[in-house]
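Top to bottom, those sequences are chains F and S.
Residues in the first sequence are numbered from -7 upward in steps of one, following our numbering.
Residues in the second sequence are numbered from -7 upward in steps of one, following our numbering.
Contents: one structure, followed by commentary.
2 protein chains.
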Amino acid sequence: GLERVLAMGRAYVDFAASSPLQFELLARFEATEVSTTDADSNHFACLAAGAQVHALLTDALEVGIRDGSVARSAGSPNTIALALWAMTHGTIQVASMKRAVLSQHAVTPAALVEQTLRMAAISLRRGE
Amino acid sequence: GLERVLAMGRAYVDFAASSPLQFELLARFEATEVSTTDADSNHFACLAAGAQVHALLTDALEVGIRDGSVARSAGSPNTIALALWAMTHGTIQVASMKRAVLSQHAVTPAALVEQTLRMAAISLRRGE
């Protein structure tokens, strides 16, 4: 449950580190509207792939609730999955784009990632 | 303590909603290296303003540890402050750039923001 959720967070961090251009493109990709006219486009393919990742993450959260590693009071798996994506996404961006700020405060990119994953893990394990 | 920390998170969200262009510029601003040659530049001014916000947030976390609203085991105020920035930043970006994805999963931008702030609050209050 929770371990699988955290492993997905680390996988996203690793993907961004090994494929920075692809990560940057995904970040700038404006999924502001679902177009119904171009079901064959790359746009549609990106949305579909994102939906699959979302389903995997939601499933891992549901397994976690069943096995007791994720508190039921942490929120709905659907909303938590989106919040985890947003947090991890922001952490990767700050870790790569704001390295001077991190080094100003003597925090390494890896330590920032660990702190975010740790806060996510605590909130999922403990709930309200 | 914790209330002040969360109020700063909400203030950042409100700023991004009312000044989307400024937020987008700050997001794309690459603070990857501190240049020592242009102390009068906008670049330097941005880093200095960011350092002031970081000091306010770190201070609020330290007050929270003293008044008991923030668990000492949550992490060091310095690292937590950077993680909170990254999480909130990512949440604002997902809420504005990926509206189609959110609506695909029937989650409003406001609900996403609430979930992230809730997870941040739980992790700070409870600690390990």
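For each residue, glycine too, the CB sits at the ideal point set by N, CA and C.
Does any CB atom of chain S fall closer than 8 Å to the CB of F:Ala23? yes
Between the alpha carbons of S:Glu(-5) and F:Leu48, how many angstroms are there, rounded? 34 Å
Within 9 Å of chain F by C-beta, residues of the segment 70 to 88 of chain S in sequence order: Those residues of the segment 70 to 88 of chain S that come within reach of chain F (Cβ to Cβ, closer than 9 Å) are Asn70, Thr71, Ile72, Ala73, Leu74, Ala75, Leu76, Trp77, Ala78, Met79, Thr80, His81, Gly82, Thr83, Ile84, Gln85, Val86, Ala87, Ser88.
For a contact defined as C-beta to C-beta under 7 Å, what are the partners of S:Glu120 on chain F? Simply Ile114.
So, helix, strand or coil for F:Phe21, using DSSP? coil
Which residues of chain F have a Cβ atom closer than 7 Å to the Cβ of S:Ala43, listed in chain order? The contacting residues are Gln96.
What is the rounded straight-line gap between the Cα of S:Ala23 and the Cα of F:Asp59? Whole-angstrom Cα-Cα distance: 42 Å.
Can you find the residues in the same chain that come closer than 7 Å, C-beta to C-beta, to S:Leu104, ignoring five residues on each side of it along the sequence? Thr83, Val86, Ala87, Leu94
Going by the beta-carbon positions, is the gap between F:Ala73 and F:His46 smaller than 8 Å? yes
Alpha helix (DSSP H) containing S:His35: first to last residue? 34 to 59
Answer yes or no: do S:Met79 and S:Ala112 have a C-beta to C-beta separation smaller than 8 Å? Yes. Within cutoff.
Would you kindly check if the distance between the Cβ of F:Gln96 and the Cβ of S:Ala19 is under 8 Å? no
Assuming F:Gln107 and S:Thr71 are in contact, meaning their beta carbons sit under 8 Å apart, how far apart are those beta carbons, in whole angstroms? 5 Å
S:Ala66 burial status per 10 Å Cβ neighbour count (16 or more: buried): buried
Please identify, using Cβ separations under 7 Å, the residues of the segment 50 to 71 of chain S that lie next to chain F, in order along the chain. Gly67, Asn70, Thr71
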